[in-house]
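In this note's numbering, the protein residues as written are 38 to 437.
We put the beta carbon where it would ideally sit given N, CA and C, even for glycine.
See structure below.
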Amino acid sequence: MGLCSCLQLPDYGPSRHLISCTLLAACATTVLITINTFDPVEGLTPSPDADVASRTGHGILIAIIAISGIAAILHLLVLLASNRENNAREIEIDERNAYLDQRSWWENFLDPQLLNSPKHLKRREAYFETLVNDSRTYRTFLLLPSLSLVVILLIRLFMGARVFLGDPVSFDFGWKYGVVDGKDAEKSITYTPDINTYARLFQGVLSAFLATPAVMRGLLQLTEGRHRSLLLLLPYALSLYPTYSLIKRFIKARDSFAGSSFANNGYEWASGFILGLALGQLITASCSLRYMILSSRYESSTEEGNQGGRSHNRPRIDDDDLKASGFAKFLQRSLGLLLIFSVYSSAVLYGMTWFACEEGQQCVNTENEGEDVDKFSTEILIIMILVPSVIMCIGPCFFG
């Protein structure tokens, strides 16, 4: 976390979550603008499902922007309320110190008026910290690899549009394997109206949503801790789809992987993950705001004591909620390593097969490069490997 310290970014609390929500909304907005300002590709053949895919993809991006924006506003309200409490506390400290300075050292010795932080402020900081409890495993083995996969697939969508004759507006990744003629010609387009698309999207949403510390803590409390290890493993198990898809496409078409359906199918899972992440941010923001409200009511009711004040239950804080057993943590990290492996493997395969074509086929991604063209693209390989490496390094400063 040395880089984060140099940037003076908070490790937890509403400030950290505010940065995450704002960044996610800004990135989704950038993608939406880029898609709608992308110049059409010459020779593009629209897919029959282009209209449905375009509406679905735009709808998901708009939902991410809206949900993250609302979460950012809620976190801002929590931050303002926290700062107000802190400012009031600083004023109280200054007034007390001024009073103590007027007394003699003997009076202060006999009647020391020590000023410790009130319990509700300490509980508030503890609660904010538990919202990201045990987040190192979550962000290193699930969150950041998934974000890396999203960016890699967006690079494939935009940079591959003119190579594979795709259309970013309709989330069309172009001709599968670059083949444009014959019975094997098929478009790699996302969000086709079938059950497999919804299944991949739903897996991504659940993976990110359930991995959110605030959501998982609530789920464990709701189930009273039953099947604890299974619940803690579920988000990581739902991240197995990219690995499955990678192995399937590698076995089927390792020499033309860049044109495979790993892109469109993987993007459906990845976009679902981002949507689930936004929903998780909203739940986290709602929990923080609810805590601030209930905490203030609890403090006011305890101050009133028995003089007719209503009693409110203090919000529960449990640091042990998300601590997995040793074996469960091993499985979490093992599944996370599979995801990291899939991200970097896909990055390498994209670079190595960017201009590749199946033997005996006429492919659009090689027709302008000559028969003896190198299938390898150094530029794409460097970009694809650099992107997840940078995200894994600086991502902990902004997410998790």
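Query, Result
"Rounded separation between Ala118 and Gly96 - CA only", "33 angstroms"
"Closest Cα partner of Ser244 within the set Lys213, Leu257, Leu277, Leu256", "Leu277"
"Whole runs of the alpha helix (DSSP H) within the stretch 40-119, excluding any shorter than 4 residues", "51-73"
"Buried or exposed (CB count within 10 angstroms, at least 16 for buried), Ile284", "exposed"
"Alpha-carbon to alpha-carbon, Arg176 and Phe436", "7 angstroms"
"For Lys225, three-class secondary structure by DSSP", "It is worth fixing the name first, because residue 225 is Ser in this sequence and not Lys. Looking at Ser225 - three-state DSSP - the assignment turns out to be strand."
"Assigned secondary structure, Asp204 (DSSP; H/G/I helix, E/B strand, else coil)", "strand"
"Inter-residue Cα distance where the pair is Ala251 and Asp86", "38 angstroms"
"Assigned secondary structure, Asp231 (DSSP; H/G/I helix, E/B strand, else coil)", "coil"
"Three or more C-beta pairs below 8 angstroms linking the stretch 52-71 and the stretch 282-302", "no"
"Rounded separation between Leu238 and Asn301 - CA only", "11 angstroms"
"C-alpha gap between Phe378 and Asp231, whole angstroms", "29 angstroms"
"Same chain, Cβ closer than 8 angstroms to Ala384, neighbours up to 5 away in sequence not counted", "Ile189, Leu418, Met421, Ile422, Val424, Pro425"
"Ile226 versus Glu395 - alpha carbon distance", "20 angstroms"
"Cα-Cα separation, Asn343 to Leu319", "Legend: pLDDT at Asn343 = 43, less than 50; position of this residue unreliable, value from coordinates given subsequently. Their backbone Cα atoms lie some 37 angstroms apart in a straight line."
"Where Cys400 falls: helix, strand or coil (DSSP)", "strand"
"Collapsed DSSP secondary structure at Phe435 in the structure displayed", "coil"
"Reduced DSSP category for Phe210 - H, G, I as helix; E, B as strand; rest coil", "strand"
"Beta-carbon proximity of Ser297 to Lys213, cut-off 8 angstroms", "yes"
"For Val187, three-class secondary structure by DSSP", "helix"
"At least three beta-carbon pairs within less than 8 angstroms, the stretch 193-200 to the stretch 177-185", "no"
"Selected residue, minimal CA-CA separation from Leu386, among Lys412, Asn124, Phe367, Thr59", "Lys412"
"Range covered by the alpha helix (DSSP H) that runs through Arg291", "Premise fails: Arg291 is in no alpha helix (DSSP H) and is neither H nor E."
"Local conformation of Val216 per DSSP, three classes", "strand"
"Range of the contiguous alpha helix (DSSP H) that encloses Ala365", "363-389"
"Whole-number beta carbon distance between Val242 and Leu312, since they are thought to touch under 8 angstroms", "5 angstroms"
"Phe310 (DSSP reduced to helix, strand or coil)", "helix"
"Integer-rounded CB distance, given that Phe208 should sit under 8 angstroms from Ala90", "5 angstroms"
"For Ser297, three-class secondary structure by DSSP", "coil"
"Secondary structure of Leu392, DSSP reduced to three states", "Note that residue 392 corresponds to Phe in the displayed sequence, not to Leu. Coil, per DSSP."
"Length of the line joining the Cα atoms of Arg193 and Met253", "33 angstroms"
"Ser371 to Tyr304 span [Cα, whole Å]", "23 angstroms"
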